[in-house]
Ligand SMILES: [Zn+2]
């Protein structure tokens, strides 16, 4: 028999909580560590759709990339979306664990997988401590690509049809930074390292202007696409570690942003 705590202990070894940013809210956020865990669902975000799937599929534990709750909760009522989802999850006795920025930065975490998947070599954190651990990643391409060619490579790896781009499509790219999610704050680090291109899930208009002025090409595949693939990888990692458990990545999870 495995408990919620057994799965949590493995996840905290896989994505050590000390790698999380100070502002984050990672770890076991809902539930009883001592309860048995038989069915585990990974997802990017706890939403009405993923909550309904977890309840219908009788999950004991949700491993969600984005924390829920994220902010302190002062009253637990169905008047807010967070309150309603927490009530539904606790009524179904479903625990919630979030690794968030610890998973972004982990040695086999999202940014490492993104950098490796895009064919980068010599991968290293964009911002790191003396031990070489840290956030974001950068590396170099064995053969230079145009910015447009790099965009094609990002689309192929993330299985998306479109992305947004800042910069001259024809410019040559050799050194590339990656940072999943909303990660425009890494622009200065990428520029200081000399990266010609940065792949970021999403960022603000003014960060796009700053990137243009700093001559750093930006590729923006979207927050969802830049992280959701890793939720599927995490389900595989858990299934390998706990072969006797029922483990899956949420099937009812979609990018809320659509092209119209
Ligand atoms: Zn995110």
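Residue numbers (the working numbering): 218 to 477.
Positions of the beta carbon are idealized from the N, C-alpha and C atoms, including for glycine.
Residue i CB to nearest heavy atom of ligand 1 below 8 Å
i           : result
residue 168 : Nothing in the structure corresponds to residue 168, since the chain is present only between 218 and 477.
residue 418 : yes
residue 261 : yes
residue 444 : yes
residue 283 : yes
residue 440 : yes
Residue i - partner residues in DSSP beta bridges
i           : result
residue 320 : DSSP, once it has assigned bridges, lists no residue as partnering residue 320.
residue 362 : 390
residue 344 : 352
residue 357 : 338 and 392
Closest by C-alpha distance to residue i, when choosing among the options
i           : options               : result
residue 221 : 241, 468 and 455      : 455
residue 284 : 338, 259, 341 and 270 : 259
residue 468 : 446, 318, 389 and 458 : 446
residue 369 : 330, 340, 440 and 436 : 436
residue 388 : 375, 361 and 342      : 361
residue 269 : 305, 250 and 286      : 305
residue 339 : 345, 327 and 354      : 354
residue 204 : 391, 363, 441 and 224 : An answer regarding residue 204 cannot be provided, because it is not within the stretch 218 to 477 covered by the chain.
residue 475 : 379, 420 and 297      : 379
residue 276 : 471, 422, 310 and 400 : 310
residue 250 : 238, 237, 278 and 302 : 278
residue 426 : 335, 252 and 382      : 382
C-beta neighbour in chain D for residue i, strict 9 Å
i           : result
residue 448 : Absent here is chain D; the protein component of the structure consists of one chain.
Checklist entry - What residue ranges within the segment 287-340 form continuous alpha helix (DSSP H) runs of no fewer than 4 residues, ordered along the chain? => result 298-308, 317-322 and 327-334
Checklist entry - Which runs of the beta strand (DSSP E) fall wholly inside the segment 380-458 and span at least 3 residues, in chain order? => result 381-383, 389-399, 414-419 and 434-437
Checklist entry - Is it true that the segment 255-273 meets the segment 229-239, where meeting means three or more beta-carbon pairs spaced less than 8 Å apart? => result no
Checklist entry - Of all the beta strand (DSSP E) runs that stay within the bounds of the segment 250-292, which reach a length of 3 or more residues? => result 256-260 and 278-281
Next on the checklist: With three or more C-beta pairs closer than 8 Å as the rule, is the segment 389-397 touching the segment 331-344?
Outcome noted: yes
Item to check | Touch test, the segment 312-319 against the segment 290-301, Cβ-Cβ under 8 Å, three pairs minimum | outcome: no
Checklist entry - Would the segment 241-253 and the segment 425-439 be scored as touching if the rule is three or more Cβ pairs under 8 Å? => result no
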